[in-house]
Every structure is written in C-alpha cells, then in structure tokens.
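These notes are about the structure you will find just below.
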Amino acid sequence: MFKSINNIYWTDSTNALSSKSFSCGYCGKESHSTHGYYCKDNQNRYLAYIYLCSCGNPTFFYNETQVPSPAYGEELHHLTPEIKTLYDGARNCMSINAYSSAVLTCRKILMHVAVKEGATEGQKFVTYVDYLSENVLSKKHKSWVDTIRTMGNDENHDIRVANQNEAKMIIDFTEMLLKIVYEYPEKAKQTGASTPTSNTSPKIIGITGVKP
Ligand SMILES: [Zn+2]
C-alpha cells in the first residue's frame, strides 16, 4: 500500500524488507526484523525505512540515524527514585540525539550527589566537580574530572550546545559516580559486606566494601 506525502512514498513492505539487525530503543533487545515500511522519492530512490521489532514498536532509519536508538549507558538499580528518573532521562536523551539535555541533566545529578556527599549548596558546577574529585573520586579520575569541568562554563551564562561525545562523556562519568555512591554500597549491603555510611564517611575511593 502506498502513502504519498510531498512526493515521498511510504510502502508497507511486510516480509519484503531485507533483514536489518539493530538494538531496539524500546525493549533493548537485538532485533533482526524484515517487517516494516520503506519510502522512496518520486525518482524511485530509497530514502528511509521503518522497521518493526518483535516487541511491536517502530524504529526509524535515515542514513546513519536511528530513532529511537537504545538508551546510552548502563541501567542502575539502586538509586533513589529521583536520581533514577534523572539518570534514565539523561540516558534516554541520547536516544533522540538530545545531547545538550543529557549534559544539563547529568550536571544536575552531579551537583545533587556532591551536596549529598557534603558539599555546600548554591555553588557553581565546577566547584561541585572539584568537591567530588577531592572527596569521592580517586586520583586516577583526575583527567576525566578535568574534562567534565570544562563543561561547566557558568561564568557568563552562555548557551552552549553539546555534541554527542560530550554527552557520552558526562553520562559515563555520572554512571561511574552513581555506582560508587549508590550502587556498590547497596550491593555490598546486600551481600553482607560492611560499607561506610554516606555523608559521614571518609573518602569513598573505588569500590569500598565489596568483597573480591
Ligand atoms: Zn523491541
């Protein structure tokens, strides 16, 4: 069946599409679908595809773009509801190429974690990054911290558009921090290992309390 809009023709091609392997942004599984739709222009050139995953949801492909793509980063299970909502939101921003939103959300998380770990409220982003570097992370993270700090251009309230690499970098950094502050201590608790109490603990360096 054809649907024509502005000389672009979408065709229902159930069982006629060449198989495509992709990570589904809805169910997170690898899909090898042949079901979906393709579109051509009025010169019969292929423009884009929609593949249907076995979970029933559609994924749009145009050149190298996949929408939605899978959430970026690892799913974490021992966060507070608020932090989990923000962290998953940042991961999902990557699915729709909303890199600046991902960066802004991660910055919010980093500031929140810094305050939770004892930093004074109302500071600049770079101050919180420094606090995390000095009180939560190890020396091995220094170069990473320096990169994250450059994303904290608070001085003149510039609007700055982030690119994909920057967004990935800050999500990776946030993921690591959340594992140290929330994930590993909770896992240690569940396995019966002793773990320092947050806020009153000395520096949390590495995976404190997790048995080898
Ligand atoms: Zn799926």
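First residue of the sequence shown? That's 8 in our numbering, and the numbers climb one at a time after it. Every residue gets a Cβ at the ideal spot worked out from N, C-alpha and C, and that includes glycine.
At least one heavy atom of ligand 1 lies closer than 7 Å to the C-beta of residue 38. Beta-bridge analysis with DSSP links residue 43 to 58. Between the stretch 169–181 and the stretch 108–127, the count of C-beta pairs closer than 8 Å reaches three or more; the two stretches touch.
Here residue 38 carries a strand assignment [DSSP, helix/strand/coil]. In chain order, 29, 32, 66 and 67 place their CB closer than 8 Å to the CB of residue 73, counting only its own chain and leaving out the 5 sequence neighbours on each side.
Counting the other CB atoms within 10 Å of its CB gives residue 62 a total below 16, which places it among the exposed residues. With a 10 Å radius around the Cβ and a threshold of 16 neighbouring Cβ atoms, residue 103 comes out exposed. In chain order, the residues positioned with their C-beta nearer than 5 Å to some heavy atom of ligand 1 are 31, 33, 34, 60 and 62.
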